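Student: Going left to right, the sequence shown walks through residues 1 to 565 as UniProt numbering numbers them.
We treat Cβ as the ideally placed atom computed from N, Cα and C, and that holds for glycine.
Nothing here was measured: the structure is a model prediction, and the numbers come from that model.
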Amino acid sequence: MYLKHFGFEKKPFNITPNPDFMFLSATHKEVFAHLLYGIQNHCGFIEVTGEVGTGKTTVLRTLFKQLDDELYRLALIFNPRLDAVELLQSINREFGIAADTGSLSELQSLLNDFLLQQNRDGHTVVLVVDEAQNLSPDVLEQIRLLSNLETETDKLIQIILVGQPELQQMLRRDDLRQLRQRITVSYHLETMTEEDSLRYIQHRMSVAGQSRSDLFTPAALKLILKRSGGNPRLINILCDRCLLVCFSENGSQVTDKHVRQARKELWREKGHDSGGRRYLYATLLLAAVILAAGFWFYDQEKNLSGASLSVEQPLPAAESPHRSVPSSSVLESPVSGTTDNPGLEKRLFRLRRSLDRSPDAARIGVACNALLAIWHLPPLKDGERLAVNDIAHAASTRGLDVASYTGGLEGLLRFNLPVILDLTVPGARGRRYLALTGVDSGGYRYAPVMAGIDLLRTEELKALWSGRAILLWRNHDGLSPVGQPGQRGTDIERIQQLLAKAGYYRGNPTGVFDQPTVSAVTRFQADSGLLQDGRIGPQTLILLYRAAGFFEAELGASTSREEGA
């Protein structure tokens, strides 16, 4: 929303890993050099650890970009919560090898044949296991056995284990000493120095098309560095929110006042903060999507829950323990004004008349197609007419889920999802719908355009909107609702992995919805402005997927997926 205001060509502080923004601090240069050395010298095992948000994934993606496809064969295993057979099947698939069999020996034999052929062809084979702290000891032992695949003079596969500090602790186990002894290159990625942090901020702004060196005042930068501790992800999150706060006040320079306001919205402060910074890691991950207000499901749309998860209610705005985005920065940011403005009333009259006279253009199927286009999914059939309760089926056949929303505009915008808006048009027969497709400094983008008005002002949108909306979202892992402590299953295990990725869950996933997991969910809900009931429903899951780095269609200047999402 603030890109045009500050002269950016693209978001400067997006948290998704993007090699275009790669900045090699002193510590990143060291880990990059260690990785290249280990791979090029066929050292066998390489270990890289670092706290959440220090840039491990970005370094890996940049490494992949540097390695010549003609010389290297790469495989990345991101979800290591697999048994030995599943792991080998995943590795074989990544390398394009047959993985149909469930026999461990057959899978290993197929892999060995592949490695020997690649060695003869002069290729270096590299296997990267991310989030390796989640590996079980048995699977780690299987990975160690892969390193036995070698010729008389060379290792056939280079294995990189990447994870959080818990990986170091796990490798100290006595039963893993053989693996530990084979790790010839090891590096722990530290946070950036103050000097590198300042260079990092300027670098990202420059890549995004803004060369101003005074966009942040010295006092603002000092406070940002203090609160982030040199953690790249926290720097991104805090800088992004600072720009949003400054933009909401129509400012031209971020000051320490803006940083303090941003900090209050991102961190729930309770008196003095130990050490001046609190590593909440991904509790702050998506500035535009945390906190939803209002209540779920109105009578006409109750059937939508069948294609979604169980209903959960967001915390009403008045009771929210903290606000993630001030209403001024979302509600009034595009164009502000008053309803006493004659020009505004004239535009509203034109919009309402167009909606009243164009029932076919404003039907829900047209709005649904606008959202499907953003998701790059096939549209509804020509002439297909849907009732509101049919949207669930139409979405599910395209791999999406739906959820209903009733509440304020600020709460809706913080989901950062394109949505179908239910409108209020006095005197019109039947319902009218529009798709909210984007938000920028000029106003709210919508489809289909009515009365030749391309962008809606805040007051116009609020005047037209009934307060009800339909969200289309993707349940990436097909997870079911979770509400009862003690529940077990693979869904619970996956939820624990997502919570860990977002920085809320420590230790190995157990597959049990135990008290530590409930507490992690509750903390996540608190930091996201949701009702803290410790249950997993649609709202919690939407925000959790985002916090874990999954791609969703977005509102904003661009809905295209960034590299590295």
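Quick test of the definition: if touching needs 3 or more C-beta pairs under 8 angstroms, does the region 446-461 touch the region 532-545?
Tutor: no
Student: Can you find the residues in the same chain that come closer than 7 angstroms, C-beta to C-beta, to K462, ignoring five residues on each side of it along the sequence?
Tutor: Working through the sequence shown from its first residue, we reach residue 462 at position 462. Excluding residues within five positions, the ones whose Cβ falls inside 7 angstroms are L409.
Student: What is the DSSP secondary structure of H34, counted as helix, strand or coil?
Tutor: One-based indexing of the sequence shown puts residue 34 at position 34. Here H34 sits in helix by DSSP.
Student: With DSSP collapsed to three states, give me the class of G306.
Tutor: Position 306 of the sequence shown holds residue 306. At G306, the pLDDT of 34 sits below 50, so the modelled position is not reliable and the matter cannot be decided from this model.
Student: Would you tell me roughly how many angstroms separate the C-alpha atoms of G55 and I364, rounded to the nearest one?
Tutor: To locate residue 55, count along the sequence shown from 1; it is residue 55. To locate residue 364, count along the sequence shown from 1; it is residue 364. If I take the Cα positions, the gap works out to 43 angstroms.
Student: Let me check one thing: in DSSP terms, what residues is S186 bridge-paired to?
Tutor: Position 186 of the sequence shown, counted from the start, is the residue given in the question as residue 186. Per DSSP, E47.
Student: Mind pulling the alpha helix (DSSP H) runs of 4 or more residues that sit fully within the region 350-432?
Tutor: Listed in chain order, they are 364-374, 391-396, 409-413.
Student: Closest to L140 by C-alpha separation, out of S206, T101, E150, I159, would be which residue?
Tutor: On the sequence shown, residue 140 is found 140 positions in, with the first residue counted as 1. The option with the nearest alpha carbon to L140 is I159.
Student: Go ahead and label E9 buried or exposed: buried means 16 or more other beta carbons lie within 10 angstroms of its beta carbon, across all protein chains shown.
Tutor: The residue you call residue 9 lines up with position 9 of the sequence shown. It is exposed - the Cβ of E9 has fewer than 16 other Cβ atoms within 10 Å.
Student: Measuring straight from C-alpha to C-alpha, what distance separates R241 and L60?
Tutor: Along the sequence shown, read from residue 1 onward, the residue named residue 241 stands at position 241. Along the sequence shown, read from residue 1 onward, the residue named residue 60 stands at position 60. Approximately 27 angstroms between the Cα atoms of the pair.
Student: Name the two residues that bound the continuous alpha helix (DSSP H) containing A548.
Tutor: The residue given as residue 548 occupies position 548 in the sequence shown. Where A548 is concerned, there is no enclosing alpha helix (DSSP H), given that its DSSP letter is neither H nor E.
Student: Roughly how many angstroms lie between the CA atoms of A98 and L146, to the nearest whole one?
Tutor: Sequence index remark: in the sequence shown, residue 98 carries index 98 (1-based). Sequence index remark: in the sequence shown, residue 146 carries index 146 (1-based). Going by the C-alpha atoms only, they are around 17 angstroms apart.
Student: So what does I160 bridge to, in DSSP terms?
Tutor: Position 160 of the sequence shown holds residue 160. According to DSSP, I160 bridges with I46, V128.
Student: Of the choices N148, G438, T57, D401, whose alpha-carbon is the least far from that of V31?
Tutor: The sequence position of residue 31 within the sequence shown is 31, counting from 1. Among N148, G438, T57, D401, the Cα nearest to that of V31 is on T57.
Student: Start and end of the alpha helix (DSSP H) containing P12?
Tutor: Here residue 12 corresponds to residue number 12 of the sequence shown, with the count starting at 1. Premise fails: P12 is in no alpha helix (DSSP H) and is neither H nor E.
Student: Rounded to the nearest angstrom, what separates L423 and D196 at their Cα positions?
Tutor: Taking the sequence shown and counting its residues from 1, one reaches residue 423 at position 423. Taking the sequence shown and counting its residues from 1, one reaches residue 196 at position 196. Straight-line Cα distance between these residues: approximately 50 angstroms.
Student: Between which residues of its own chain and R180 is the CB-CB distance below 8 angstroms, once the five residues before and five after are set aside?
Tutor: For the purposes of this step, residue 180 is taken as residue 180 along the sequence shown, with counting starting at 1. L171, R172.
Student: On the premise that V125 lies in contact with L156, defined as a C-beta separation below 8 angstroms, what is that separation, rounded to the nearest angstrom?
Tutor: To locate residue 156, count along the sequence shown from 1; it is residue 156. To locate residue 125, count along the sequence shown from 1; it is residue 125. About 7 angstroms; that satisfies the 8 angstroms criterion.
Student: Using a Cβ-Cβ cut-off of 8 angstroms (strictly less than) and excluding sequence neighbours within five positions of L221, which residues of its own chain qualify?
Tutor: Within the sequence shown, numbered from 1, the residue matching residue 221 stands at position 221. Excluding residues within five positions, the ones whose Cβ falls inside 8 angstroms are L198, I201.
Student: Could you please give me the residues that DSSP links to G443 through a beta bridge?
Tutor: Position 443 of the sequence shown, counting from 1, holds the residue named residue 443. The partner list for G443 (beta bridge, DSSP) reads D440.
Student: Quick check: I91 and L135, are their CB atoms within less than 8 angstroms of each other?
Tutor: For this step, residue 91 is matched to residue 91 along the sequence shown. For this step, residue 135 is matched to residue 135 along the sequence shown. No. Outside cutoff.
Student: Report back the beta-carbon spacing between Q133 and E86 to the nearest angstrom; my notes put them in contact at under 8 angstroms.
Tutor: Against the sequence shown, residue 133 aligns to sequence position 133. Against the sequence shown, residue 86 aligns to sequence position 86. Distance from Q133 to E86 at the Cβ level is roughly 18 angstroms; contact not present, criterion being Cβ atoms closer than 8 angstroms.
Student: What does a CB cutoff of less than 8 angstroms around G511 pick up in its chain, not counting 5 residues either side in sequence?
Tutor: The residue you call residue 511 lines up with position 511 of the sequence shown. Closer than 8 angstroms at Cβ, skipping near neighbours: R488, G489, T490, I492, E493, Q496.
Student: Which of helix, strand or coil does DSSP assign to P448?
Tutor: Start at 1 with the first residue of the sequence shown, and residue 448 comes out as number 448. In the structure shown, P448 sits in a strand (DSSP, three-state: E or B).
Student: Starting from Y72, trace the beta strand (DSSP E) in both directions and tell me its first and last residue.
Tutor: Here residue 72 refers to the residue found at position 72 of the sequence shown. Here the beta strand (DSSP E) through Y72 covers 72-77.
Student: Compute the Euclidean distance between the alpha carbons of Y281 and Q525, then round it to the nearest angstrom.
Tutor: Residue 281 sits at position 281 when you count from the first residue of the sequence shown. Residue 525 sits at position 525 when you count from the first residue of the sequence shown. Low confidence applies here, because Y281 scores a pLDDT of 41, under 50, leaving its location unreliable; read the following figure in that light. So the alpha carbons of these two residues sit roughly 15 angstroms apart.
Student: For the beta strand (DSSP E) holding D196, just list the boundary residues, first then last.
Tutor: Counted from its first residue, the sequence shown places residue 196 at position 196. Where D196 is concerned, there is no enclosing beta strand (DSSP E), although the alpha helix (DSSP H) it sits in stretches over 194-207.
Student: Sort V449, A26, P12, G399 by Cα distance to A367 and report the nearest one.
Tutor: For this step, residue 367 is matched to residue 367 along the sequence shown. For the residues V449, A26, P12, G399, the minimum Cα distance to A367 belongs to V449.
Student: In or out: K65 buried (at least 16 other Cβ within 10 Å) or exposed?
Tutor: Numbered from its first residue, the sequence shown carries residue 65 at position 65. Counting Cβ neighbours within 10 Å, K65 comes out exposed, since fewer than 16 surround it.
Student: Under the assumption that H123 contacts L74 (Cβ atoms under 8 angstroms), give the Cβ distance between them as a whole number of angstroms.
Tutor: As a working mapping, residue 123 is identified with position 123 in the sequence shown. As a working mapping, residue 74 is identified with position 74 in the sequence shown. Taking C-beta atoms under 8 angstroms as the contact rule, H123 and L74 fail to qualify, at a distance of about 10 angstroms.
Student: Determine the extent of the beta strand (DSSP E) in which L24 is found, giving its start and end residues.
Tutor: The residue you call residue 24 lines up with position 24 of the sequence shown. First-last for L24: undefined, no H or E at that position.
Student: Look at the alpha carbon of D138 and the alpha carbon of S206, and state the distance between them as a whole number of angstroms.
Tutor: The residue you call residue 138 lines up with position 138 of the sequence shown. The residue you call residue 206 lines up with position 206 of the sequence shown. Linking D138 to S206 through their CA atoms gives a straight-line distance of about 47 angstroms.
Student: Please report the straight-line C-alpha distance between N231 and H476, rounded to a whole angstrom.
Tutor: Along the sequence shown, one-based indexing puts residue 231 at 231. Along the sequence shown, one-based indexing puts residue 476 at 476. Cα to Cα, N231 sits roughly 28 angstroms from H476.
Student: How would you label P509, buried or exposed, when you count the other beta carbons within 10 angstroms and need 16 or more for buried?
Tutor: For the purposes of this step, residue 509 is taken as residue 509 along the sequence shown, with counting starting at 1. Under this definition P509 is a buried residue.
Student: Output the residue ranges of the beta strand (DSSP E) runs that lie fully inside the region 85-160 and measure 3 residues or longer, sorted by chain position.
Tutor: 124-129
Student: Taking the CB atoms as reference points, tell me whether L412 and V419 lie closer together than 8 angstroms.
Tutor: Numbered from 1 along the sequence shown, position 412 holds the residue referred to as residue 412. Numbered from 1 along the sequence shown, position 419 holds the residue referred to as residue 419. Yes, these two residues count as a Cβ contact at 8 angstroms.
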